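Asker: Sharing a structure below in structure tokens format, with a few things to ask.
Residue numbers (the numbering used here): 85 to 554.
Set out below in structure tokens:
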């Protein structure tokens, strides 16, 4: 297995910039505002021929009790314990501060091996600060410039022994998107248990997303608290549920676009949207004590546009006095306001107490199977005959429109093509009728359905005629 490197240091010394440099992409949010990173984030890093897991952490701040900074420090402590090597980063341009000295003293007591690096050394401006770093008693500080990529050769030499000890495996062992060779609707879907099921938890700020993720994982992996907007990055965490690998993405709360004014909030929202696009199943978490709002519908509409499976999770259900009335109201609103994805499953629970949370993962797996559904061509064409006979397509300019043939062209989400000599003349209202009856007939609730009408006859009719002639 690859070794794990955790980057620590006080706020704004360049930890996330170095993290992004080593993973080769802008996964961690970077901004001049101190304390942008709050949860620890893992990534697959590469430095020349070294491949390893890298962990970005919150800036180290001295705090006690249940303050947000204290909870962030506990997250960093957990990351250090799990790591094979710890990289303490200081700002060479700012020099060594009392906070650097305080945390260096704490880190020296840790059993995790420690490497000291002085960042922002480009152009010689940080030379004095780098010399000050010797005072920390952690050996010679490595001169780095995370922003400009300088000093990575020295970092390579420092990490090489840990790579040798860990016996690095080939990069191909890392997770990736495995596409099926060719889609065949006649072959029933079988999940590939070697590939993690990707689930994103999204919703408005303070709806309990991080609390839910922690409850599912069985540990305080994500920072939580009464403060709205603690999570800023979309954090992906792998775990296992009943032998099934799962990758959970905890995301920043999505506000209405008009309210997203600060640069940092815009970056967080964009990160959450990327998580939606990367996910297979999206769980929209809503607060049971706050009415179903327009923003929840906007998020659901975005999930439908991206073609992801959708599930509504209602948190804080233990605070509801009349659950049956609230549930009836939710179902009515979903059916009326989200007609394009009828039958979206709803799961109620309390993430804080854990009551009802066990219902969530089975429902996620169920909706994932629906999203991957495959329907045989024979069954589809029987359905098309019945649907067209019950409700004939409207005539165009006095001429009838005939739907000749249907087939499923892909799944994820279920996508179908209907062939007709006058496909372009089928109205949108009739397409909506076909999608709704498709959903009802083949039990496809809560997933987007794509239906395309193509001009032409049965594309397999020639083959059928040849077989008859032969």
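Ideal Cβ positions, reconstructed from N, Cα and C, are used throughout, including at glycine.
Source: prediction; values computed, not measured.
Under DSSP, the alpha helix (DSSP H) around residue 218 begins and ends at which residues?
Answerer: Premise fails: residue 218 is in no alpha helix (DSSP H) and is neither H nor E.
Asker: Hey, residue 102 and residue 228: beta-carbon distance below 9 Å or not?
Answerer: Against a cut-off of 9 Å, the Cβ pair of residue 228 and residue 102 comes out as a contact.
Asker: Locate the beta strand (DSSP E) running through residue 137, then write down its first and last residues.
Answerer: Run containing residue 137: 134-140, per the beta strand (DSSP E) assignment.
Asker: Does DSSP put residue 465 in a helix, in a strand, or in coil?
Answerer: Note: residue 465 maps to helix in three-state DSSP.
Asker: Compute the Euclidean distance between the alpha carbons of residue 87 and residue 136, then round it to the nearest angstrom.
Answerer: Spanning the two alpha carbons is a distance of roughly 5 Å.
Asker: Touching or not, the segment 391-407 and the segment 429-436, by the rule of three or more beta carbon pairs under 8 Å?
Answerer: They touch, by the three-pair rule.
Asker: So the beta strand (DSSP E) residue 504 belongs to, where does it begin and stop?
Answerer: From DSSP, the beta strand (DSSP E) with residue 504 extends over 499-504.
Asker: Can you tell me whether residue 115 is helix, strand or coil according to DSSP?
Answerer: Interpretation of residue 115 is limited by its pLDDT of 40, a score under 50 that renders its predicted location unreliable; the figure taken from the coordinates is listed afterwards. Residue state, collapsed to three classes: coil.
Asker: Assuming residue 492 is part of the beta strand (DSSP E), what are its boundary residues?
Answerer: Here the beta strand (DSSP E) through residue 492 covers 489-494.
Asker: Would residue 502 be called buried (16 or more neighbouring beta carbons within 10 Å of its own) or exposed?
Answerer: Looking at its Cβ environment, which holds 16 or more other Cβ atoms inside 10 Å, residue 502 is buried.
Asker: Quick check: residue 453 and residue 496, are their CB atoms within less than 9 Å of each other?
Answerer: Against a cut-off of 9 Å, the Cβ pair of residue 496 and residue 453 comes out as no contact.
Asker: Evaluate contact between the segment 277-286 and the segment 409-423, counting only Cβ atoms and requiring at least three cross-stretch pairs below 8 Å.
Answerer: Counting Cβ pairs under 8 Å, fewer than three are found: no touch.
Asker: Sort 194, 212 and 175 by Cα distance to residue 202 and report the nearest one.
Answerer: Nearest option by C-alpha distance: 175.
Asker: Using DSSP with H/G/I as helix, E/B as strand and the rest coil, what is residue 528?
Answerer: Coil at residue 528, not helix or strand.
Asker: Cα-Cα, which of 214, 301 and 128 is closest to residue 177?
Answerer: If we check each option's Cα against that of residue 177, 214 comes out closest.
Asker: What residue does the alpha helix (DSSP H) around residue 183 start on, and which one ends it?
Answerer: Counting along the chain, the alpha helix (DSSP H) containing residue 183 begins and ends at 182-192.
Asker: Would you report the Cα separation of residue 424 and residue 469, rounded to the nearest angstrom?
Answerer: Rounded to whole angstroms, residue 424 to residue 469 spans 23 Å at the Cα level.
Asker: So, with DSSP's three-state summary, where would you put residue 533?
Answerer: Of the three classes helix, strand and coil, the one that applies to residue 533 here is coil, per DSSP.
Asker: Going by C-alpha distance, which of 188, 451 and 509 is nearest residue 275?
Answerer: If we check each option's Cα against that of residue 275, 451 comes out closest.
Asker: Is residue 164 helix, strand or coil by DSSP?
Answerer: In this structure, residue 164 counts as helix in the three-state DSSP scheme.
Asker: Can you tell which of 126, 374 and 104 has its C-alpha closest to the C-alpha of residue 289?
Answerer: Checked all of 126, 374 and 104; the closest Cα to residue 289 is 374.
Asker: DSSP beta-bridge partners for residue 365?
Answerer: The partner list for residue 365 (beta bridge, DSSP) reads 283 and 393.
Asker: For residue 538, count the other beta carbons within 10 Å of its own beta carbon; 16 or more makes it buried, fewer makes it exposed. Which is it?
Answerer: By the 10 Å Cβ count, residue 538 comes out exposed.
Asker: Identify every residue that forms a DSSP beta bridge with residue 432.
Answerer: Answer is 398, bridged to residue 432.
Asker: Using a Cβ-Cβ cut-off of 7 Å (strictly less than) and excluding sequence neighbours within five positions of residue 458, which residues of its own chain qualify?
Answerer: Cβ neighbours of residue 458 beyond the five flanking positions: 269, 271, 272, 273, 492 and 495.
Asker: What's the gap between the Cα of residue 487 and the Cα of residue 474?
Answerer: Distance between the alpha carbons of residue 487 and residue 474 is about 13 Å.
Asker: If you compare alpha carbons, which of 206, 237, 195 and 188 is closest to residue 217?
Answerer: Measuring from the Cα of residue 217, the nearest candidate turns out to be 188.
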